[in-house]
Each structure stands twice: as C-alpha cells, then as structure tokens.
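Visitor: Encoded as structure tokens, here's the structure I'll be asking about.
There are 2 protein chains.
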Amino acid sequence: MNVRSYNLCPMARTSGSHSDITGPRLRAAAQRLFARQGYAAVSMRQIAAEVGVQAGALYNYIPDKQGLLFDLMKSHLDDLIAAWQAEAKGQNPLDALECFTRFHIRFHLERPDAVFIAYMELRNLEPENFAVIEDLRKRYETVLEDILRAGKESGVFSLPDTKLATMAVIAMLTGVTTWYRDDGRLSRDRIERIYWNMVRKAVGA
Amino acid sequence: MNVRSYNLCPMARTSGSHSDITGPRLRAAAQRLFARQGYAAVSMRQIAAEVGVQAGALYNYIPDKQGLLFDLMKSHLDDLIAAWQAEAKGQNPLDALECFTRFHIRFHLERPDAVFIAYMELRNLEPENFAVIEDLRKRYETVLEDILRAGKESGVFSLPDTKLATMAVIAMLTGVTTWYRDDGRLSRDRIERIYWNMVRKAVGA
DNA sequence: GTCTATAGACTGATAGAC
DNA sequence: GTCTATCAGTCTATAGAC
C-alpha cells in the first residue's frame, strides 16, 4: 500500500527503472494474451513485447512462466471470494439465491479474460498449484451449495439433488461468458433478470 | 468401407506397412493427448511415441498438426449432429425437450475427450477452420432453439427469452462433463433424470 | 531494472534411404 | 509406410554489462 511516486518524476525515460509500472503491465499483458491464445501458445518474448521490455526483464517480477499463470488464477479466485463476502448479507434462501445469481453473472462479465483463464488453463497448472486453485474453486461452489441446501431444508426450494443443482446452476450462469458481447441485444441487467427467472424456476421456488 | 485385411496377415511385424491401423491409432492418440495437455502443449513426437512410430511417419496420414486438430473437431460435431438426427422423431415440444436433454448428456458423457477438445481448442483453429466448426456448433444449438420456440409458441413452455434459454440449457447440460466420474455417486441414467427435472422446471413446463 | 547474448533443449515439417 | 537425419526456427531461463 505504498504511495505511488512515479507521477512525481519530472523526466520521462524510455529505459531504466520502472519497477512500479512494469509489474502490473506484465500481469495485464499476460492475462490478455493467455486468454486469447492460451498459456502454452504464448511466449515470454510475446508478453515482453506487449509490455515494452526485453524478455529477460520479466524475471525481475516473476519466478517463471508457471508462477505467472498461478498468480493470475489465484488472484482471480481470491477476488471472487472476497467480492462475494462483501456482497453477501444475512438473507433468506430465495433472496440469497437471487443475490448470488446476479453477483455471479455480473462479476464474471466484468472479467472475461480472468474467467477464461481460470476455466481453460487448469490443466497447465503443476500439481501443487492445481490443488490450491481447485480448493478455492470448491470453496466458491460451496457458497451456492449452502444456499440451495438451506432453501431445500426450509421447503422454499424443490430440488431432486442439491449437489447436481449446484453444478447445474453454476454451469448455466458461467455459460453467459461464452456468448455475451458488449454490443449485444441485451443489457447486463436484463440478462441477470432473465437468468434469475430461469434459476428460480429450476430450483422450484 | 473396405474389408479390413490385416487380421489375415500371418506375420506380426514391428515395422513396415501398417496403413490400416496407424491412421486410427494416430487419431486416438492425438485425441487423448490434446484433451489432457492441450493442443499447443502436445508435440508431434509425443503423439508418434504413443502410436509407436517416428514423427515423420505421421505425415503420411495428416497434412499438418492443424489439419489433425480440425479433423478431430469436425468428426466430433458431424457425429453429434448425425446422432441427433437418428434419435429425433416427430414429437411434441415437451417430449422433444426430454429427448434432447437425455441425448445431449448421454452423448457427451460417452466422449469426454472429444467434447473437451471441441470446447477448449476453438482458439487454436485457423480462421477458415474455425468458421466451419462454428457453423456446425450453431447448427446443433439451433436444434434446441427450435424445440424451445415451438414449445413457447404452443404455450407449453414459459420462457422470458428463447435464445438465452437455449444457451442456458446447453451450458447446464454440457457442464455435466466437467464433474462426472464413472465411479461417482450417481448413474448416468439417474443424472439424466435429475437434469431433465431441472430443465423441465426451468422452461416453465 | 533493463539490456544483450546465449545456453540447452525443443518445435513442425521435409528429404531421401529402404 | 516407416525409418533416420536434418533444417531452420522456436522456447524458457540465466549471466553479466550497464
């Protein structure tokens, strides 16, 4: 949480020290390229060119390419869980499910690249990194599972199988990212409403 | 549709002519490896080792690596569309939707590797190949969209938006492939039933 | 902190022997 | 149809100058 000082620098330089901006730019470039071409198809030279430095300079900020991928995925999932915790309030199951439905769609549509990487690059994680990411992903799924279970137990929802309903709803909501376009037919809010209508009926509420 | 003759060959050979088995083995090995590691992360030498030949020999069967990927994806989608056409009968929308739901789950669970590749490797297709695959994918989506539209128009389904319902149902059903395990808690038939229960309610039937 | 240069290994694809 | 050998290029990551 240091105060950033580069704005105060009186000289613009084309080379030299840029520690406070190269790091974020590296992560942004990698996220964009990994999402478009895939982790395995992107070279460190390509990322470096996007950042505007030589490839060797990247290793001042990351241990290796794998560490860069892991960092991007973990940050995304940490953000997701933190954002939900900030959003969730003590609610009855029906309101909680509507809140989750709209939150999930909204959060995912705001970060298409991070979402794409989180779903597509799991197989490129080394085993120990994969275990960390899987754990975070399951923790998030549990949020929805808990809502559905509470609603089923209190008789508000009618569900043949809580676990399958969890997977079905998450898949349905996340699927929005595969077809949504900013210039599309429907606004995000309209999409949220339509999906909530379908989710509500699917869980028998 | 030639009669296969290698079963009649009296001699087992470790090298030489194997045109009638190397082709299928190549496709099978590539499908397995692409699904597990991703197209970009798999080398032709790795595929060749799995097949039991040297890398150069593969080029007797494929024009290049891209052609191999395209062939796998196109075959999968051709199979999918052909299988649905064999399955579909003249039915009312409700029966047709149940038929589609169960068909989609069953077909996808039987071919996990092909499904994985079809969804994950789209970005590794060259533009002209991508266009072909996208067209086939959309043709299959239209099957469901037509069922939902017919049901909505005849008043059997209650849908806020036919196009979004199409995407939502496909995403929900395809999602089964991400968590299904052969030794899991539920049989495939039980899963089909549970999903049909949720789909039926989601479309307001 | 970024540069240049490079080690050491791997890549897709092809040529020609058999 | 498969082999060996190879081309010409790519890759990640590091060392050392500045």
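Which chain is which? The protein sequence lines are E and H, in order. Counting in UniProt numbering, the final residue of the first sequence is number 205, and the numbers go up one at a time with none missing. Counting in UniProt numbering, the final residue of the second sequence is number 205, and the numbers go up one at a time with none missing. Just so it is clear, CB atoms sit at the ideal spot from N, CA and C, and this is done for glycine as well.
Going by C-alpha to C-alpha distance, which of H/G175, H/T162, H/S75 sits closest to H/R106?
Guide: For the purposes of this step, residue 106 of chain H is identified with residue 106 of the second sequence, where counting begins at 1. Residue H/G175 is the option with its Cα nearest to H/R106.
Visitor: Taking the alpha carbon of H/G38 as the point to measure from, which residue in H/L68, H/M120, H/L97 has its own alpha carbon closest?
Guide: As a position in the second sequence, residue 38 of chain H is number 38, starting the count at 1. Closest by alpha carbon: H/M120.
Visitor: Quick check on DSSP: helix, strand or coil for H/Q46?
Guide: On the second sequence, position 46 is the one that residue 46 of chain H refers to. Three-state result, H/Q46: helix.
Visitor: State the DSSP-derived secondary structure class of H/K89, mapped to helix, strand or coil.
Guide: On the second sequence, residue 89 of chain H is found 89 positions in, with the first residue counted as 1. Reduced to three states, the DSSP call for H/K89 is coil.
Visitor: Using a Cβ-Cβ cutoff of 8 Å, what residues of the segment 118-150 of chain E are near chain H? List them in chain order.
Guide: Answer in chain order: M120, R123, N124.
Visitor: Hey, out of H/E98, H/V203, H/R139, whose CA is closest to H/K152's CA?
Guide: Sequence index remark: in the second sequence, residue 152 of chain H carries index 152 (1-based). It is H/V203.
Visitor: According to DSSP, is H/S5 helix, strand or coil?
Guide: The sequence position of residue 5 of chain H within the second sequence is 5, counting from 1. Because the pLDDT of H/S5 is 37, which lies under 50, any placement of that residue in the model is unreliable, and the number read from its coordinates should be weighed accordingly. In the structure shown, H/S5 sits in coil (DSSP, three-state: anything other than H, G, I, E or B).
Visitor: Can you find at least 3 beta carbon pairs, one from the segment 170-187 of chain E and one from the segment 137-144 of chain H, that sit closer than 8 Å?
Guide: Contact fails: fewer than three Cβ-Cβ distances are below 8 Å.
Visitor: What distance in whole Å lies between the Cβ atoms of E/I133 and E/L77, which are believed to be in contact at a cut-off of 8 Å?
Guide: As a working mapping, residue 77 of chain E is identified with position 77 in the first sequence. As a working mapping, residue 133 of chain E is identified with position 133 in the first sequence. With 8 Å as the limit, E/L77 and E/I133 qualify as a contact, their Cβ atoms being about 7 Å apart.
Visitor: Is the segment 98-113 of chain H touching the segment 47-66 of chain H in the sense that three or more CB pairs, one from each, lie closer than 8 Å?
Guide: No, the segment 47-66 of chain H is not in contact with the segment 98-113 of chain H.
Visitor: Anything in the segment 105-119 of chain E with a Cβ closer than 7 Å to a Cβ of chain H? List those residues in chain order, please.
Guide: Against chain H - using a Cβ distance shorter than 7 Å - the segment 105-119 of chain E contributes no residues.
Visitor: Which of helix, strand or coil does DSSP assign to H/S75?
Guide: One-based indexing of the second sequence puts residue 75 of chain H at position 75. In the structure shown, H/S75 sits in a helix (DSSP, three-state: H, G or I).
Visitor: Kindly give me the distance between the Cβ atoms of E/R32 and E/D113, rounded to whole angstroms, as I take these residues to be in contact under 8 Å.
Guide: One-based indexing of the first sequence puts residue 32 of chain E at position 32. One-based indexing of the first sequence puts residue 113 of chain E at position 113. The pair is a contact, with the Cβ atoms about 6 Å apart (cut-off 8 Å).
Visitor: Could you round the C-beta distance between H/A41 and E/A40 to whole angstroms and report it? I think they count as a contact, below 8 Å.
Guide: If you number the second sequence from 1, residue 41 of chain H lands on position 41. If you number the first sequence from 1, residue 40 of chain E lands on position 40. Indeed they touch by this definition, with Cβ atoms about 4 Å apart.
Visitor: Any residues in the segment 168-199 of chain H with a beta carbon nearer than 9 Å to a beta carbon of chain E? Which ones, in chain order?
Guide: Residues A168, V169, I170, A171, M172, L173, T174, G175, V176, T178, W179, R185, L186, R190, I191, R193, I194, Y195, N197, M198, V199.
Visitor: Based on Cα-Cα distance, which residue from H/L72, H/Y140, H/R193 lies nearest to H/A29?
Guide: On the second sequence, residue 29 of chain H is found 29 positions in, with the first residue counted as 1. Per the Cα distances, H/L72.
Visitor: Just how far apart, CA to CA, sit H/V156 and H/L125?
Guide: By one-based count along the second sequence, residue 156 of chain H stands at place 156. By one-based count along the second sequence, residue 125 of chain H stands at place 125. H/V156 and H/L125: Cα-Cα distance of roughly 40 Å.
Visitor: What's the call for H/D161, buried or exposed, on a 16-neighbour Cβ count within 10 Å?
Guide: Sequence index remark: in the second sequence, residue 161 of chain H carries index 161 (1-based). By the 10 Å Cβ count, H/D161 comes out buried.
Visitor: What is the residue span of the alpha helix (DSSP H) that H/V169 lies within?
Guide: Here residue 169 of chain H is taken as the residue at index 169 of the second sequence, counted from 1. Run containing H/V169: 162-174, per the alpha helix (DSSP H) assignment.
Visitor: Which term fits E/A86, buried or exposed, when burial requires 16 or more other beta carbons within 10 angstroms of its beta carbon?
Guide: Within the first sequence, residue 86 of chain E is the residue found at index 86, counting from 1. When all chains shown are included, E/A86 counts as exposed.
Visitor: At the 8 Å Cβ level, is E/A202 part of the contact set with chain H, yes or no?
Guide: In the first sequence, the residue the question calls residue 202 of chain E occupies position 202. So, interface residue.
Visitor: Can the beta-carbon of H/I191 be found less than 8 Å from the beta-carbon of E/L164?
Guide: Walking along the second sequence from the start, residue 191 of chain H turns up at place 191. Walking along the first sequence from the start, residue 164 of chain E turns up at place 164. Yes, they are a contact pair.
Visitor: At a CB-CB cut-off below 9 Å, which residues of chain H make contact with E/R36?
Guide: Counting from 1 along the first sequence, the entry for residue 36 of chain E is found at position 36. Those are R123, listed as they occur along chain H.
Visitor: Determine whether the beta carbon atoms of H/Y180 and H/L109 lie at a separation below 8 Å.
Guide: As a working mapping, residue 180 of chain H is identified with position 180 in the second sequence. As a working mapping, residue 109 of chain H is identified with position 109 in the second sequence. Cβ atoms of H/Y180 and H/L109: closer than 8 Å.
Visitor: Is the distance from the Cβ of residue 207 of chain H to the Cβ of H/V53 below 8 Å?
Guide: A query on residue 207 of chain H cannot be resolved here, the shown segment of chain H reaching from 1 to 205 and no further.
Visitor: Could you list which residues in chain H have their beta carbon closer than 7 Å to that of E/D20, in chain order?
Guide: One-based indexing of the first sequence puts residue 20 of chain E at position 20. Going along chain H, no residue has its Cβ under 7 Å from E/D20, so there is no contact; the nearest lies around 33 Å.
Visitor: Looking only at its chain, what residues have a beta carbon closer than 6 Å to the beta carbon of H/V51, apart from the 5 residues adjacent to it on each side?
Guide: Looking up residue 51 of chain H in the second sequence gives position 51. Only R25, L26, A29 meet the Cβ criterion.
Visitor: In angstroms with no decimal places, state the Cα-to-Cα distance between H/Y140 and H/L148.
Guide: The count along the second sequence starts at 1 and reaches residue 140 of chain H at position 140. The count along the second sequence starts at 1 and reaches residue 148 of chain H at position 148. Straight-line Cα distance between these residues: approximately 13 Å.
Visitor: How big is the Cα-Cα spacing for E/Y195 and H/A168?
Guide: On the first sequence, residue 195 of chain E is found 195 positions in, with the first residue counted as 1. On the second sequence, residue 168 of chain H is found 168 positions in, with the first residue counted as 1. Their backbone Cα atoms lie some 8 Å apart in a straight line.
Visitor: List, in chain order, every chain E residue whose beta-carbon is nearer than 7 Å to that of H/A40.
Guide: Walking along the second sequence from the start, residue 40 of chain H turns up at place 40. The answer, in chain order, is G38, A40, A41.
Visitor: Using only the alpha-carbon positions, how far apart do H/I170 and H/R193 sit?
Guide: Translated into positions along the second sequence, residue 170 of chain H becomes position 170. Translated into positions along the second sequence, residue 193 of chain H becomes position 193. If you take the alpha carbons of H/I170 and H/R193, they lie about 16 Å apart.
Visitor: Assuming contact is defined by CB atoms lying nearer than 8 Å, are E/P93 and E/S154 in contact in what I supplied?
Guide: In the first sequence, counting from the first residue as 1, residue 93 of chain E sits at position 93. In the first sequence, counting from the first residue as 1, residue 154 of chain E sits at position 154. Contact: yes.
Visitor: Looking at the C-beta of H/D95, does it have a partner C-beta in chain E at a distance below 8 Å?
Guide: To locate residue 95 of chain H, count along the second sequence from 1; it is residue 95. Judged by the 8 Å Cβ criterion, H/D95 is not in contact with chain E.
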